[in-house]
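Protein chains: 2
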Amino acid sequence: MGRWEPGTRGRLAQNALELFAERGFEATTAAEIAERAGVTERTFFRHFADKRDALFHGGELLEAHLADVVARSEGSALELVRAALGSAAAAVETNPERARTRDAVIATHPELRERELTKMDGLVTALRSALRAKGVPDPSALLAAETGVAVFKVGFTRWAARPGSDLPTVLAAAFDELADLLGTTQR
Amino acid sequence: MGRWEPGTRGRLAQNALELFAERGFEATTAAEIAERAGVTERTFFRHFADKRDALFHGGELLEAHLADVVARSEGSALELVRAALGSAAAAVETNPERARTRDAVIATHPELRERELTKMDGLVTALRSALRAKGVPDPSALLAAETGVAVFKVGFTRWAARPGSDLPTVLAAAFDELADLLGTTQR
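From first to last, the protein sequence lines are chains Y and F.
Residue 92 in this note's numbering sits at position 92 of the first sequence, and the numbers go up by one each step.
Residue 1100 in this note's numbering sits at position 100 of the second sequence, and the numbers go up by one each step.
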């Protein structure tokens, strides 16, 4: 979500990502990231707790963005979630190379994958709260949020596996497919 | 899933859980768990890498159980997932107190919550593989697996918040509600 991160913090995150991709996550130090960004190591640690943090710094901004879209949209619980995640997907496409590189770095480390899952769980919490603030009562709010993020994960995985594909399009197809999956269920 | 864990390993896991609940996760040592189970600390470490591991040891068995139910069931992708998770839910109800205590311990530690999310992601992978083995092609297999586990999380959360509720019943309601959520979506 590079466009939400201007200034030193964003530059550090970008340089961190480049180094992780070039040399590997383990082999990269905070000092090297700071050096490439042209700041001191101390400045790095003013922005991030550790090098891992530089890969996950956009989380709160993304959560705020999702909450904002839900707040100003209209529709059913799942439509609100879909609108919010669709907007996030469009934001990813403003710098797809960054998201693809980040995904490849995360895939190489179980520790990073674990953190990414926690970040996704944070998106569920943010969406659920935003839905509740909008008057959606709770089991539905949580269910719509969990389901929406599950579909987002599927869409993102599919997009990452297909260079050149467009995330909002892939995500919309995944949401449509969920409706089909349920539609063909005999109950 | 205590019923799948007989013998020393299961006894150690049970004693670990009791101690975590009584004294807190941080304050409990592997030596204390071993002592309560009446074995040496060395025996504890033959079964588990660390005390956290004693809380998550059932994961592979649960994955195998889900795969097994999918393999011997019939229906659409989502019906297969629903059958497998419903069976897991029924297994939880053979010892609900254990699952509730475990959930309460996990809720107290972000590190444990993170590991639990990873375990849930393992269930997605297991379900997806089982569906593919059954001839369900991949975007649908992944989508059904992710969605099913998302619904399971919602059902489990709701069940944990309501003492005395029945997990298979709560889970079935969550699956039905997902169909409703999608049904009311104007597309």
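For every residue, glycine included, the Cβ atom is placed at its ideal position computed from N, Cα and C.
Computed from a predicted model, the values in this text were never measured in an experiment.
- What number of angstroms, rounded off, separates the C-alpha of Val-1071(F) from the C-alpha of Leu-1131(F)? For clarity, residue 1071(F) is Ala in the given sequence; the question names Val instead. The alpha-carbon atoms of Ala-1071(F) and Leu-1131(F) are separated by roughly 8 Å.
- In three-state DSSP terms, what is Ala-264(Y)? Because chain Y is modelled from 1 through 187, residue 264(Y) falls outside the range shown and cannot be assessed.
- So which residues on chain Y does Lys-1153(F) lean against when the C-beta distance must stay under 7 Å? Glu-146
- Take Lys-134(Y) as the anchor and find which of His-65(Y), Glu-22(Y) and Gly-75(Y) has the nearest alpha-carbon. Gly-75(Y)
- Task: Identify whether Gly-1010(F) lies in helix, strand or coil by the three-state DSSP scheme.
- Result: helix
- Task: State yes or no: is the C-beta of Leu-1017(F) within less than 8 Å of the C-beta of Val-154(Y)?
- Result: no
- Query: Can you find a CB in chain F that lies within less than 8 Å of the CB of Glu-74(Y)?
  - Reply: no
- Taking only beta-carbon positions, decide if Ser-165(Y) is within less than 8 Å of chain F. no
- Message: Excluding the 5 residues flanking His-57(Y) on each side, which residues of the same chain have their C-beta closer than 6 Å to its C-beta?
- Response: Ala-13
- Task: Just the C-alpha distance for Thr-125(Y) and Glu-60(Y), rounded to the nearest angstrom, thanks.
- Result: 11 Å
- Message: Using a Cβ distance threshold of 8 Å, determine whether the segment 1082-1094 of chain F contacts the segment 1165-1184 of chain F, with at least three qualifying pairs required.
- Response: yes
- Message: Comparing C-alpha positions only, which one of Arg-1023(F), Ala-1054(F) and Thr-1028(F) sits nearest to Arg-1011(F)?
- Response: Ala-1054(F)
- Is the Cβ-Cβ distance between Gly-128(Y) and Ala-141(Y) less than 8 Å? What sits at residue 128(Y) in the sequence shown is Arg, not Gly. In contact: Arg-128(Y) and Ala-141(Y) (Cβ atoms closer than 8 Å).
- Task: Could you say which of Glu-1116(F), Leu-1178(F), Phe-1048(F) and Ala-1160(F) lies nearest to Glu-1097(F) if we only look at CA atoms?
- Result: Ala-1160(F)
- Item | Proximity to Pro-110(Y) [Cα-Cα], best of Val-1105(F), Thr-1118(F), Val-1081(F) and Arg-1113(F) | Thr-1118(F)
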